[in-house]
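The sequence shown runs contiguously to residue 456 in our numbering. All C-beta atoms, glycine included, are put in the ideal place defined by N, C-alpha and C. This report concerns only the one structure given below.
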Amino acid sequence: MIRRNRTRIRIGIISSMDLIFAGIIGFLAALLVNYLADTLPKGERPGRPLCQHCQSELTWRQYLTFSPCPHCKKGRTVRTFATILLGIGLSLWLWNAPPPKLGYWLGILLLTYFAVVVIIDFEHRYIMISTVLVGAILGLVIGTLLHGVINTFLGGLTGLGIMGAFYLLGILFARYRARKRGIDDGEEALGLGDVYLSTVLGLLLGWPRILYGLFFGVLAGGLISFLLILALIATKRYQTMTVFTAYGPYLIFGAFLILYTPQILTLLSGR
């Protein structure tokens, strides 16, 4: 009886240490995400940490201790702390339920990349070439490990082809919209960065899973856009053909479902 209790205590201690370790990894990953999201849009490569409000340079001590900016006196944004909480939560989730084949370490690495792309696209409305290049490397390596070389490249070509076609349709829509309104504001229904991102996701998901990933991504984007339009109509701020939204996060959402919750594919296939 005493031995059993000692064993249970030992297992409990190990489990607690595991959770603490996973929480620390998630915290560090979130710090990296915030840092890259703060600095990359200013020069395509990481640099000195910047204030999110006035873009003044901060010391590493000020940045890592979340001190107010000495120039504008403002503190960190809600996004900073939301990212940290989400990073810790997702790390704990991955540690307890790592996705098949992907595992914890590749899973947390990929989530870190996804988070950087999502935040930058939401805040700045574009997908950076530097993040696309890093994603292509990750896609080739992880995709080959998961699906093999042929299916990885087929997935990339499929993502490029499908979203490339949508991009061309988006250009036609933008031109029609400009003629209709008599103003060309330079807005695109779908950016070229979304095409590059879809290629990266195609490499990660492989063939034929990229089809499911794009399906869920487009579905999520359409649903959120519809709800946004309803909200604008309700607040009397809606104008025809003026609603554009960052599409990269929805594409990543679709890829996330396939990579991290593969049971969805089982439900779809009926097996």
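Original post:
Which residue from Asn336, Gly340, Asp379 and Gly341 puts its Cα closest to that of glycine 355?
Top reply: Counting from one through the sequence shown, the residue named residue 355 turns up at place 170. Distances from the alpha-carbon of glycine 355 to those of Asn336, Gly340, Asp379 and Gly341 put Asp379 closest.
Original post:
Do three or more CB pairs link the stretch 331–338 to the stretch 250–258 at distances below 8 Å?
Top reply: No: the two stretches stay apart, fewer than three of their Cβ pairs being nearer than 8 Å.
Original post:
In chain order, what residues of the same chain lie with their CB nearer than 6 Å to the CB of histidine 238, ignoring the 5 residues before and after it?
Top reply: What you label residue 238 is simply residue 53 of the sequence shown in a count that begins at 1. By the criterion of a C-beta distance shorter than 6 Å, histidine 238 is surrounded in its chain by Cys257 and Lys259, once the five residues flanking it on both sides are discounted.
Original post:
Which residues bound the alpha helix (DSSP H) around alanine 222?
Top reply: Residue mapping note: residue 222 aligns to position 37 of the sequence shown, counting from 1. It spans 187–224 - the alpha helix (DSSP H) in which alanine 222 sits, taken as one unbroken run.
Subject >> Distance between isoleucine 209 and phenylalanine 307 (C-alpha atoms, nearest Å) >> reply: Numbered from its first residue, the sequence shown carries residue 307 at position 122. Numbered from its first residue, the sequence shown carries residue 209 at position 24. Cα to Cα, phenylalanine 307 sits roughly 26 Å from isoleucine 209.
**OP:** Excluding the 5 residues preceding and the 5 following phenylalanine 441 in the sequence, name in chain order all residues of the same chain whose CB lies nearer than 6 Å to its CB.
**Re:** Here residue 441 is taken as the residue at index 256 of the sequence shown, counted from 1. Nothing listed; no residue qualifies.
**OP:** Would you mind reading off the limits of the alpha helix (DSSP H) that contains leucine 413?
**Re:** The residue given as residue 413 occupies position 228 in the sequence shown. Here the alpha helix (DSSP H) through leucine 413 covers 394–419.
Original post:
Taking the alpha-carbon positions, what's the valine 302 to serine 410 distance?
Top reply: Numbered from 1 along the sequence shown, position 117 holds the residue referred to as residue 302. Numbered from 1 along the sequence shown, position 225 holds the residue referred to as residue 410. For valine 302 and serine 410, the distance between alpha carbons rounds to 19 Å.
Original post:
Roughly how many angstroms lie between the CA atoms of serine 200 and alanine 419, to the nearest whole one?
Top reply: Reading the sequence shown from its first residue, position 15 is the one you call residue 200. Reading the sequence shown from its first residue, position 234 is the one you call residue 419. CA-to-CA, the gap between serine 200 and alanine 419 works out to about 49 Å.
Subject >> Neighbourhood of threonine 244 by C-beta, 7 Å cutoff - its chain only, sequence neighbours within 5 removed >> reply: In the sequence shown, the residue the question calls residue 244 occupies position 59. Excluding residues within five positions, none has a Cβ falling inside 7 Å.
Subject >> Cutoff 6 Å; reference lysine 227; Cβ partners in own chain excluding five residues on either side >> reply: Here residue 227 refers to the residue found at position 42 of the sequence shown. If we look at lysine 227 and ignore the five residues flanking it on each side, it has no Cβ neighbours.
**OP:** To the nearest angstrom, report how far apart leucine 382 and threonine 316 are at their CA atoms.
**Re:** Counted from its first residue, the sequence shown places residue 382 at position 197. Counted from its first residue, the sequence shown places residue 316 at position 131. Those two C-alpha atoms are separated by around 9 Å.
Subject >> Nearest neighbour of leucine 377, chosen from Leu408, Ala431 and Phe400 [CA to CA] >> reply: If you number the sequence shown from 1, residue 377 lands on position 192. When Leu408, Ala431 and Phe400 are compared, the shortest CA-CA separation from leucine 377 is found for Ala431.
**OP:** On the DSSP bridge assignment, give the partners of leucine 235 in chain order.
**Re:** If you number the sequence shown from 1, residue 235 lands on position 50. Answer by DSSP bridge pairing, in chain order: Glu242.
Original post:
Out of curiosity, what's the CA-to-CA distance linking leucine 408 and leucine 279?
Top reply: The residue labelled residue 408 in the question sits at position 223 within the sequence shown. The residue labelled residue 279 in the question sits at position 94 within the sequence shown. Their Cα atoms are separated by approximately 27 Å.
Subject >> Cβ neighbours of leucine 235 in the same chain (closer than 8 Å, five flanking residues each side left out) >> reply: Along the sequence shown, one-based indexing puts residue 235 at 50. Excluding sequence neighbours, leucine 235 sits near Asp223, Thr224, Lys227, Ser241, Glu242 and Leu243.
Subject >> Separation of leucine 345 from arginine 246, as counted between CA atoms >> reply: Indexing the sequence shown from 1 puts residue 246 at position 61. Indexing the sequence shown from 1 puts residue 345 at position 160. Cα to Cα, the separation comes out at about 42 Å.
Original post:
Does DSSP put methionine 313 in a helix, in a strand, or in coil?
Top reply: For this step, residue 313 is matched to residue 128 along the sequence shown. If DSSP states are grouped into helix, strand and coil, methionine 313 belongs with coil.
Subject >> threonine 268 vs alanine 300 beta-carbon contact at 9 Å >> reply: Working through the sequence shown from its first residue, we reach residue 268 at position 83. Working through the sequence shown from its first residue, we reach residue 300 at position 115. Taking 9 Å as the Cβ cut-off, threonine 268 and alanine 300 qualify as a contacting pair.
Subject >> Alpha-carbon to alpha-carbon, glycine 391 and proline 447 >> reply: Numbered from 1 along the sequence shown, position 262 holds the residue referred to as residue 447. Numbered from 1 along the sequence shown, position 206 holds the residue referred to as residue 391. Here the alpha carbon of proline 447 sits roughly 13 Å from the alpha carbon of glycine 391.
Original post:
Is the CB-CB distance between isoleucine 312 and isoleucine 305 below 9 Å?
Top reply: Locating residue 312 in the sequence shown gives position 127, counting from the first residue. Locating residue 305 in the sequence shown gives position 120, counting from the first residue. Yes, they are a contact pair.
**OP:** Since I believe leucine 221 is in contact with proline 231 (beta carbons under 8 Å), could you give me their beta-carbon distance rounded to a whole number of angstroms?
**Re:** On the sequence shown, position 46 is the one that residue 231 refers to. On the sequence shown, position 36 is the one that residue 221 refers to. For a cut-off of 8 Å, the C-beta gap from proline 231 to leucine 221 is around 6 Å, short enough to register as a contact.
**OP:** Assign valine 385 to buried or exposed, taking buried as 16 or more other Cβ atoms, counted over all protein chains shown, within 10 Å of its Cβ.
**Re:** Locating residue 385 in the sequence shown gives position 200, where the first residue counts as 1. The residue in question, valine 385, is buried, as its Cβ has 16 or more Cβ neighbours within 10 Å.
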